[in-house]
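Residue numbers (my numbering), protein chains in the order written: chain X, 3 to 742; chain Z, 124 to 275; chain L, 1487 to 1778; chain U, 4 to 161. Glycine is no exception: its CB is placed at the ideal position from the N, C-alpha and C atoms. A quick note: this is a predicted structure, and the numbers were derived from the prediction, not measured.
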Amino acid sequence: MGRIEGPAKVTGEAKYTADVLLPGMIWGKVLRSPLPHAKIVSIDTQEAEQMPGILAVLTAKDLPDLLTGRLVYDMPVLAIDRVRFIGEKVAVVAAEDPDMAEDALASIDVEYEEMPAVFDAHEAMKSEAPLLHPDYRSYAHAPQKFFSDIPNVHSHVTWELGDIDKGFALAKRVFEHTFNTPAVHQGYIEPHASVVAIDPDGRVNVWISNKMPVRARELLADVIEIPEERIVVHLSQIGADFGGKGSLMDAPLCYHLAKRTGRPVKMVMTYTEELMAGNPRHPTSIFLRTGVTEEGQIVARQAKVVFNSGAYAAFKPVPFVNIPGAKDAAGVYGTPHIRIDAYSVYANCVPSGHFRAPGDLQVNFAVESSMDMIAEDLGLDRLEFRKQNFLKDGDWVPGGPQLEEVRVAETLAAAVKASSWNQPKSQPNRGLGLAVSHRLIGTGEANTQLTLKEDGTIQVLTPVPEVGTGAHTILQQIVAETLFLPLDQVRVETASEIFKTDSGSGASRVTYVGGQVVQQAAGELMKLILAAGAKGLGCAENEVVFEGGRVVHSESEGSLSLAEVAKLGGDGKSALRVKKSLNLSEGPPITTFTAQVVELEVDPETGQIRLLDVVTAHDVGTIINPLGHQGQIEGGLLQGVGFGLIEELRMEDGQVSTLNLGDYKLPNIRDIPPLTTVLVEEELGPAPFHGKAIGESSITPTGAAIANAVYDAVGVRFHDLPITAEKVYWALQQHSGGEG
Amino acid sequence: MKFEQTCTIAAGPLKVWNFLIDMENVSRCLPGVESMTLVDEDTYEGIFKIRVGPIALKFKGTLRVEERDRDNWHVGMRVEAKDRRLGGGVRAYLEVDLVEKGSDETQLNVKLESHVLGKIGEFGQPVMRKKTDALLQEFARQVSQELGGDQG
Amino acid sequence: MRAFEYREPDNLEEVLSLLHDHGEDAKIIAGGTALVIMLNQRLIMPSYLISLRKLAGLNSVDSADGALQLGALVTHREMETSPVIRDQIPVLAETFRQVATLRIRNMATVGGTLAHADPSQDSPVTLMALDARVGLSSSGGSREVPLDEFFTDYYETVLQPDELLTHVQVPLPKPHTGSIYLKFLPKTEDDYATVGVAASVEIEPSSQLCRECRIVLGGVAPTPLRVKEAEALLSGQKLAPELLHKAASVVQEHTDPISDSRGAADYKREMAGVCVRRALEQAWQRALTESP
Amino acid sequence: MTHTIRLNVNGKEHTVEVPSRRLLIDCLRYDLGLTGTKEGCSVGVCGACTVLMDGKPISSCLALALFADGKEIVTVEGLAREGRLDRVQQAFIDYGGLQCGICTPGMVVTAKALLDENPDPTVDEIKEWMMGNLCRCTGYYKIIESIQGATALEPGGE
């Protein structure tokens, strides 16, 4: 079933932030730092200010001395006295058109005094490394509980199960492996955009490509020093998020320029700016130490996961200001003794942020690669070794609940069955690899307001914008299903004003938390409808039923349409309305598993990898929207392929060298592998109608499955992603002692 | 970006030394130098042009001699220059070391660490690297030619 | 982009006199796919932009006395789909079909690609392997330059500031000649070639010996790279694996690639060898099966 | 340095005064208010800005507005006629060929041109034609299904 906003999107009517046109609107452009770490000695803007069409030029000295961030406030709106990465905003210009703004940028003179810089997270953790944020501990919302004495480490989180020392004492064999993954960009096609218009009465209107508008309003209020009630965030379509659209980005600058010039201001990042100063996936290094018994039982898993935060932690939304995916470093395997340490580290690179399944991909690549390596070393079959160690009902997962309804074995079995796993190896240089992952459903706060309109339709207000996942369609379906109404009688509309707080879209949260809140609200609205209907029909509530979209008095057969009920209204003729909020801090005990099998072929002369077949199997509940569900699987999978084979935000001394989509390559329609999807359905999901989450499932195991298949094909093991043809070629050269 | 060039010159180290500490000579041997004027004992201001196809870069900036170690035949100079039209610039440190090979044979080692900044750095780093490398080669070639014939 | 004067002459004389008057300060724009990006990024800031879009007469493909004459304004898409080209020099159509994406091929022109002189382009490589010549005109007169003397450095050619590339001459392949363009794309299908190789082999039908051949590479040097030393190795020889390996290693010695997102220099050098082998083999097969 | 250009956009004649440096995409979006055409990469790679010029897909981010002088331009806003969606538009909805929708205007415009030239394309023909349009949401599988689905529908619009 197609999505509700489909027609608007295929006709070009759907409005994204960059599409907002306002009378008198002007344009902002920023000047960015060319140096990775330097003191700002002076900024001369005089010449720029004199140029034609230039309406304002601002630097930090024109702004309040405030920092911002999605959780910890550590990032200035414009660099204050010091720049910490190449691409950091130093000055901003407002002009009648973008070209004029660009004209002015070149004539702003900034004098820098270079400082020693550090780019690698491990280097940054050494005692001699330059400190990026000496005052980190004093920043607002910096989580004291996770402070560390290691240089530049702004958050150190530990997850433990059992007793790690005891675990290794039980182990017959101990394995150590290290893996690395690069920075990758979310690759949404819509660059960040913001528009701010200030009303004569001082009300601040904001349009912003942000998936958490209510939170955005809260953050903006703090950094521009305007009370939240005076700020209206107008929701627009979002040209995809994938985790990257949760920050204020240029909105504070738009406000300051609007305030200075008295005109509405729009800022749209170029894609070059996105690649140089967006918020890509964290470059990550994962160290695993695994203790295994003689029988091949994993008894201990120690993990040290180091995330390169870049110059600021401002793009991390979670309370511990670290990357949640690290907690999966034991994978889908029941391990009695676990210790996981996650370090997020400042370095003079582009600040890192969230990208679909943050941390999960990096860690899963490490865990699932190591499973194959250990199995081979122990002379065990890699499939059997996994099965033997799988999580079971009642097992605990680090940072998670005690699991119920564990279906990992079934999921992997389904993937294997649909693949050529059990067939004899077809040809040389071909190989099969598999990987398994799980993801706990996200928690958080969701809000809604349901109203019975006078035309008999149900209006569902949500503060969650449509980021492309089909969230609005899902909410519409759940409400319609709950009220036994046809879909077209339920209208989903967005509004942020009427809600104080909300977690917005993300963490595969919407169907679970957002779905429950609308379902509960719909149930309560039905009670009000029946009550009002009964009143209108002059009978008792228990004498009416809701049938065929009408409130019916069983005896007299008298009935009222929803429109009629709406006109009657509730007590005091007030509209029939339910406003509801749901905040789930505890996740359900049910997780979701993904198993993938990849078959590929390696060209030994060039190292080029061709994917011949990909099978992705998913442990799912009731599927509420099959089309949207499958779309999430397919889109996530191709992002996983990109992560495994192609994508890397290349940096040299903090300078990103892949600065446009001609150099930072995204998979295109000719790069897609043959794909088989297997859904292992059972109606026991925690979401409404026993649904589960899917958004961040298919992307996770792909990188590891590819790495394992490459090993199976040509016998070389890769510890770093992406596995490019070039890396494979040189590895093969060494492997075969040079005679390629 | 780091670069290294080595060549042998048919002249004794002292002769090469005296040649190299005179910026007149250096600028003459460095292709693209349009002007080089002495500001104070160790500082020069200059204009330096380089072309990459249709893209013409014109750097204006300073060259400062920061090391002049006669005993170890070592010179180190810092270059900071901007192209304001394009919005960008270069920061480089150039080190020249002489190794005595004989009474009139000297090995010239040139080391360059340079950072291309801003617009210019964003565009075609790889080509810039290649261009800079060629530039350094030419410099070494010119020097050895001026001092008693090219010996590669 | 920086502001500029836009001129759109409808006749060649006017284009040339504008070039004569403004030279360095002027840039020619045809399809614009490469130039507009550089303008937009402010890497170039000409005072005058001379558009060829209203210019007639430079957008046809003509077949005359043993050669194809390509107007400088013929688009890539036209090169790809032109029946004349598909029939008479199929490898040319095949090459242009592999350039970038449909949208770019609808805009980009033959003359534009050559004048832009990006060494990782596809079509200059094949055109050079086909012994193409380019016609250059200025208000002072005209000249013809063989393509393997046209490119001088990254994005640089022998074109003078007052000169315009008006057409390309491509001689029809001799009988018993097989040609191929091989584009090595290890990352994504829409990428620039990591290495591109055009090979053209003319064989002596009875003996099946190579009479003459052309080997040209893209993406491995400051300009499209023709390796005559490797060509010489093959002439008079029979197709044999050792021979191809020898040719490949000679080619590798001549490459001078840059390291970029499409591969490090040493990898490109290695791949140049592999691709040359594969290209020569396929060209040779085509020559054998090709009926005059 | 402004010029007056006449262009036909979606069947409607426009006369616009533009600076010589104005790009076609900005002319469409800001001079004419047709914001359906999106800007993504600004270097002709992503295809979000695809429009038809005299029936051919081009990157409006690589074309000067002046290039459109005397030309016929079709943007995503011009596909539906009298409120009736073009079959390609309908198919993208029915077969899930869109998610966030930012690439969709370029996708449907490009796909429309494909079916105009080749009413019954094979999967390989679809892939070759559509390669220049990037989508980060769908993984392309449903885009291929959408275009195949469209061939089964009545040619809409006209």
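Cβ-based neighbour list, residue i, same chain, cut-off 7 angstroms, excluding 5 preceding and 5 following
i	result
Asn1545 (chain L)	Gly1557, Leu1559, Val1560
Ile325 (chain X)	His284, Phe309, Ala344, Ser346, Pro360, Gly361
Gly740 (chain X)	In this prediction, Gly740 (chain X) scores a pLDDT of 47, lower than 50, which makes its location untrustworthy; the coordinate-derived value is nonetheless stated afterwards. Once the five neighbours on either side are set aside, Gly740 (chain X) has no close Cβ partner at all.
Lys91 (chain X)	Val32, Arg34, Leu80, Ala81
Met1475 (chain L)	Only positions 1487 to 1778 of chain L appear in the structure, and residue 1475 (chain L) is not among them; the question remains open.
Asp374 (chain X)	Arg384, Asn710, Tyr713
Interface residues of chain Z facing residue i [CB-CB closer than 7 angstroms]
i	result
Gln768 (chain X)	One cannot answer for residue 768 (chain X) here, as it falls past the ends of chain X, which runs 3 to 742.
Thr274 (chain X)	Glu245
Residue i, enclosing alpha helix (DSSP H) - first and last residue
i	result
Ile178 (chain Z)	Careful: Ile178 (chain Z) lies outside any alpha helix (DSSP H), inside the beta strand (DSSP E) at 178-192.
Ser1609 (chain L)	1609-1615
Leu382 (chain X)	No alpha helix (DSSP H) holds Leu382 (chain X); DSSP gives it neither H nor E.
Arg262 (chain X)	253-263
Lys242 (chain Z)	241-245
Leu661 (chain X)	Counting along the chain, Leu661 (chain X) falls outside any alpha helix (DSSP H), and DSSP gives it neither H nor E.
Neighbouring residues, chain L, relative to residue i (Cβ below 7 angstroms)
i	result
Val46 (chain U)	Ile1523
Chain-order list of residues whose beta-carbon lies under 6 angstroms from that of residue i (same chain, five-residue window excluded)
i	result
Arg84 (chain X)	Lys41
Glu148 (chain U)	Tyr98
Arg291 (chain X)	Glu178, Gln304
Gln286 (chain X)	As written in the sequence, residue 286 (chain X) is Thr, which differs from the Gln given in the question. Same-chain partners within the cutoff: Thr183, Phe309, Gln364.
Leu65 (chain U)	Gly47
Per-residue contacts from residue i into chain X (C-beta, under 8 angstroms)
i	result
Met134 (chain U)	Asn670, Ile671, Arg672
Gln151 (chain U)	The contacting residues do not exist; Gln151 (chain U) stays about 13 angstroms from chain X at best.
Leu240 (chain Z)	Pro36, Leu37
Span of the beta strand (DSSP E), counted from its first residue to its last, around residue i
i	result
Ile147 (chain U)	Ile147 (chain U) -> not in any beta strand (DSSP E); alpha helix (DSSP H) instead, spanning 144-155.
Lys1754 (chain L)	From DSSP, Lys1754 (chain L) is part of no beta strand (DSSP E) but of the alpha helix (DSSP H) over 1751-1775.
Gln92 (chain U)	No beta strand (DSSP E) holds Gln92 (chain U); the alpha helix (DSSP H) holding it covers 90-97.
Tyr273 (chain X)	Note, Tyr273 (chain X): premise wrong, no beta strand (DSSP E); alpha helix (DSSP H) at 273-279.
Glu1690 (chain L)	1681-1690
His197 (chain Z)	197-206
Lys172 (chain Z)	166-175
His236 (chain X)	233-236
Chain U residues whose Cβ lies nearer than 9 angstroms to that of residue i
i	result
Tyr1492 (chain L)	Met4, His6, Ser23, Arg24, Leu67, Leu69
Cross-chain neighbours of residue i in chain Z, by beta carbon under 9 angstroms
i	result
Asp1746 (chain L)	Gly247, Gln248, Pro249, Val250
Chain-ordered chain U contacts of residue i [CB-CB under 7 angstroms]
i	result
Ala16 (chain X)	Gly104
Contact list for residue i against chain L, beta-carbon separation under 8 angstroms
i	result
Lys59 (chain U)	Arg1563, Asn1592
Please identify, using Cβ separations under 8 angstroms, the residues of the segment 1649-1664 of chain L that lie next to chain Z, in order along the chain. none
Mind listing which residues of the segment 1517-1542 of chain L have their C-beta closer than 9 angstroms to chain Z's C-betas, in chain order? Leu1521, Met1524, Gln1527, Arg1528, Leu1529, Ile1530, Met1531, Pro1532
Taking only beta carbons into account, state which residues of the segment 655-675 of chain X come closer than 8 angstroms to chain Z, listed in chain order. Asp655, Gln657, Ser659, Leu661
Between the segment 1667-1678 of chain L and chain X, which residues of the former have CB atoms less than 9 angstroms from a CB of the latter, in chain order? Phe1670, Leu1671, Pro1672, Lys1673, Thr1674, Glu1675, Asp1676, Asp1677, Tyr1678
Residues within the segment 1698-1714 of chain L neighbouring chain X, beta-carbon criterion of under 9 angstroms: none
Taking only runs of the alpha helix (DSSP H) that begin and end inside the segment 435-481 of chain X, which ones reach a length of at least 4 residues, in chain order? none
Any residues in the segment 178-210 of chain Z with a beta carbon nearer than 9 angstroms to a beta carbon of chain L? Which ones, in chain order? Ile178, Ala179, Arg208, Leu209, Gly210
Near-chain L residues of the segment 330-362 of chain X (beta-carbon distance less than 8 angstroms), N- to C-terminal order: none
Near-chain Z residues of the segment 32-45 of chain X - C-beta to any C-beta below 8 angstroms: Pro36, Leu37
Output the residue ranges of the beta strand (DSSP E) runs that lie fully inside the segment 1643-1687 of chain L and measure 3 residues or longer, sorted by chain position. 1650-1657, 1663-1670
List, from N- to C-terminal side, the beta strand (DSSP E) runs of 3 residues or more that fit wholly inside the segment 611-653 of chain X. 611-622
May I have a chain-ordered list of the alpha helix (DSSP H) segments no shorter than 4 residues that lie completely inside the segment 12-58 of chain U? none
Where are the beta strand (DSSP E) runs, 3 residues long or more, that stay fully inside the segment 16-48 of chain X, in chain order? 28-34, 40-46
Starting from the N-terminal side, write out each stretch of the beta strand (DSSP E) that is 3 residues or longer and does not extend beyond the segment 102-178 of chain X. 111-116, 155-163
For the segment 132-144 of chain Z, list every residue whose C-beta sits within 9 angstroms of some C-beta in chain L, in sequence order. none
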